[in-house]
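Here the structure comes first, spelled out in structure tokens, and everything after it is commentary.
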Amino acid sequence: MAATVKVMRRPDPGKTSYIRATLKGMALTFKHMVNPDKVTLQYPEEQPDLSPRWRGTHRMEVHADGRPKCVACGLCPTVCPANCIRLVGGEDDQGNRYPIVYEIDEFRCIFCGMCQEVCPVEAIHVGVHFENAEYTRERFVYDLDRLMEQDHPTTLLWDPSDPRSE
Amino acid sequence: MPESTHPQETVTLTIDGREVIVPPGTTILQAAESMGNRIPHYCYHPGLSAPAQCRLCLVEVEGAPKLQPSCVTQVRDGQVVHTTSAKATAMRQGVLEFYLANHPLDCPICDQSGECKLQDYVHAEGRKHGRSREPKRVFGRDDFGGDVLFYGDRCVMCTRCVRFMNEVAQDPRLTVVERGNRSVIDTFFEDGVEGSPYAGNIVDICPVGALVSKDFLHKARAWDLDHTPSVCPNCSQGCNIDLHVRDNRVQRLKPRANPEVNGHWMCDYGRHRYEWINRDDRLRRPLYREGGDTVPGEWGTVLSELLERLEETRPIRAVASPFASTEELATLRRVVDALGGGEILFRSPEADDEIPLPGFPQLARRRDLSPNRRAAELLGMKRVGDAEGRGGLESLADYTGTLIVLGDALADMDEGFGSHAALYLYLGSHPSPAATKADVVLPIPTFAEQEGTFINVEERVQRFWPGLLPPEQARPAWMPLGAILARLGAGELPATAAEAFLAAAELMPELMGLRYETIGTRGAILNEPVLVTAP
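If you read the protein sequences in the order shown, they are chains G and Y. When you read off a place in the first sequence, starting at 1, and then add 25, the result is the number in the working numbering. When you read off a place in the second sequence, starting at 1, and then add 14, the result is the number in the working numbering.
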């Protein structure tokens, strides 16, 4: 089957003026300069307004005495669909079950928030936070100490006044 | 119904609208279980007496004024039983609510979570919310000695542990103290169950997280563990076990019910000897000697070089291990026979005495501490050395013919062992100093990483299945040995362990007529007539 080719005619550069088009473009630019409804955000001086249900990198809640709230029950690694949580449980000197190793691979995480939802002691949370840049890949595996250091606000996975999104 | 003077052979009753035919004397609970209807229960255990005290297995029997405990009520002809009627369900819900009145609900930190009967039953039939407003009574935890830890708050007072120690171990060390909701399981003396050789079983039979193993404490979650049927390799009793595996490591051993071998039980000696399976220092690749050193090679090149060197005729002798599978031992026997025949020695550890389980006389921790000594003996191999599994190989130290060592780690031999042999072939799973002198080292998996059979002390051949992945290039010894046989024209290379077993049966008349399918998970006694069906 023969291909059908439509030949477009190019405007002749010698006979075409661009002044009209340029003025139209400049007019639009000046209009945006004075437009009060501008969308550009002066990041990082201006910070975006994140939704309270934004699901960002994790944070571990701590007790008043500095121990992690996690009891190493194993539900978050079980429920995690991305298999990004590594947990090794143990017993501390007071006989409490606690995580000896608790690591979250934030690269592998899909930020579904199910770890927070399943946690019976409200220890692990996804956070309202997005600035995660690092210089090495290894730094994206957050260990327990790092998760406990995080201080960004935690996510409300649902609107408390409308928990079923009705 | 007309009265019959003859004792009835069977009883027909109806459970939940389905007719079931069982022998007389069966309890309703067993009859229901035989048709796949598992009535919730705590105090009943098939290996113990039934005190009917947990009140959870109560069912509605038409004509009876009250609900009947199904674990002790025997079936009658024409009986109509309802296990899920409104009355029975409401009763179970009520009983479960009482169980939870003092239960700490600490499932997140409880080791039993995931295999807990209280969790299962409450999840299936319990109330959504408890109504108890009183403070819960608190006992805390108690060290029962040995491997056993007791969390009194989680206990449902089924007294299975007390009855196990009284009836089966016949070593009464536990009892119920106090009354009412203050009643708790306790030991008589400070040392508790310490030193009782079968005490680990009370952890298995505890339906909740009251009795937990110290060894397994916080180690893994029940739902993370893969269960593989296997056979305990720690004595010649051959207890049926399940390997509980996570991350390609055995986390614990649990007994697997087999009424003819170990019932529901296993000894603590066997239960706690599994760490060697998880050893990381393993032979991972075939090694061959190049110059003075052994260097890693590929199976193909190492085997073909080995076969070339085997073609020269030389006297041959071998050392086997009673920890190897029947298939491996039989293939070794065939290789030795094909190369001119020679003596095969093996060494096996022995204990001073047996440790019997009084309430289950078939089961004992046997004197013989190797799982497959019987197969080695049936194959005409000769036991040498002492009760520690050492010595006895002095005659081989300066041996100059072909020497094959299968499985034996040669831990007590000095580094010069086998250095005079014209060809020294070592098949093993772990590196050892004596093995470094071998001309060819072939890596083989442990019993937990391959399929095979053991023949136990009562000549029962039992299968085990692979629960772990073998390290890198380790292959069952019947594979390279079978390749040698095939090259020598003395047999075919078996493709599977089942084929290796059939080849072994040609050598061992005791195994004739047996196949992997007929052995199944229960094992088969040798020299007993077996039903052979046409393939």
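Glycine included, C-beta positions come from ideal geometry on N, C-alpha and C.
query: Any beta-carbon of chain Y closer than 8 Å to the one on G:Cys140?; result: no
query: How about Y:Pro457 and Y:Glu342: are their beta carbons less than 8 Å apart?; result: no
query: DSSP three-state label for Y:Ser210, please.; result: coil
query: From the DSSP output, which residues share a beta bridge with Y:Phe164?; result: Y:Asp156, Y:Leu225
query: Within 8 Å (strictly less), CB to CB, does Y:Ile123 reach chain G?; result: yes
query: Looking only at C-alpha atoms, which of Y:Val86, Y:Leu72, Y:Lys228, Y:Leu70 sits nearest to Y:Leu62?; result: Y:Val86
query: When the Cα of Y:Leu540 is compared with those of Y:Pro523, Y:Tyr530, Y:His55, which residue comes out closest?; result: Y:Pro523
query: Quick check on Y:Ala390: buried or exposed, where buried means 16 or more other Cβ atoms within 10 Å of its Cβ?; result: buried
query: Quick one: what's got a C-beta closer than 7 Å to Y:Ser335's C-beta in the same chain, skipping five residues either side?; result: Phe360, Leu420, Gly421, Asp422
query: Cα separation between Y:Pro549 and Y:Ile533?; result: Note that Y:Pro549 scores a pLDDT of 49, beneath 50, so its modelled location is shaky; the value from the coordinates is reported in the next line. Distance between the alpha carbons of Y:Pro549 and Y:Ile533: 15 Å.
query: Which residue wins for smallest C-alpha separation from G:Ile149, given the options G:Leu53, G:Ile110, G:Leu48, G:Glu156?; result: G:Ile110
query: G:Val146 touches chain Y at which residues, Cβ-Cβ below 7 Å?; result: Pro122
query: Who are the neighbours of Y:His232 on chain G, taking C-beta pairs under 8 Å?; result: Ala97, Gly114, Gly115, Glu116, Arg122
query: So what does DSSP say about Y:Thr189, is it helix, strand or coil?; result: strand
query: Measure the C-alpha to C-alpha separation of Y:Met15 and Y:Ser384 and round it to an integer number of angstroms.; result: Only weak support is given to the placement of Y:Met15: the predicted model assigns it a pLDDT of 45, under 50, and the value that follows is read from those uncertain coordinates. Using only the alpha carbons, I get a separation of about 58 Å.
query: Have a look at the DSSP bridge pairing and note the partners of Y:Gln476.; result: Y:Phe468
query: Give me, in chain order, the residues of the same chain whose beta-carbon lies closer than 7 Å to that of G:His177; leave out the 5 immediate sequence neighbours on both sides.; result: Arg84, Gly152, Val153, His154
query: Taking 8 Å as the threshold (beta carbon to beta carbon), is Y:Gly534 in contact with chain G?; result: no
query: Under 9 Å between beta-carbons, which chain Y residues line up against G:Phe103? List them in chain order, please.; result: Reading off the sequence, residue 103 of chain G comes out as Thr, not Phe. The contacting residues are Arg235, Trp237, Asp238.
query: Let's see if you can read the secondary structure: which residues bound the beta strand (DSSP E) around Y:Val349?; result: Run containing Y:Val349: none in the beta strand (DSSP E); it sits in the alpha helix (DSSP H), 340-352.
query: Going by DSSP, what residues sit across from Y:Asn254 in a beta bridge?; result: Y:Val245
query: Report the residue from Y:Ile358, Y:Thr41, Y:Val349 whose alpha carbon sits nearest the alpha carbon of Y:Thr24.; result: Y:Thr41
query: Using CA coordinates, which residue listed in Y:Glu33, Y:Thr26, Y:Arg32 is at the minimum distance from Y:Gly39?; result: Y:Thr26
query: Return the first residue and the last residue of the alpha helix (DSSP H) that Y:Leu321 is part of.; result: 313-324
query: Check this for me: beta carbons of Y:Arg151 and Y:Asn116, under 8 Å apart or not?; result: yes
query: Residues in the same chain with beta-carbon distance under 7 Å from Y:Phe164, minus the five sequence neighbours each way, listed in chain order, please.; result: Arg155, Asp156, Phe158, Ile199, Ala224, Leu225
query: Are there 16 or more other CB atoms within 10 angstroms of the CB of G:Lys56, so buried, or fewer, so exposed?; result: exposed
query: Taking the CB atoms as reference points, tell me whether Y:Arg298 and Y:Gln487 lie closer together than 8 Å.; result: yes
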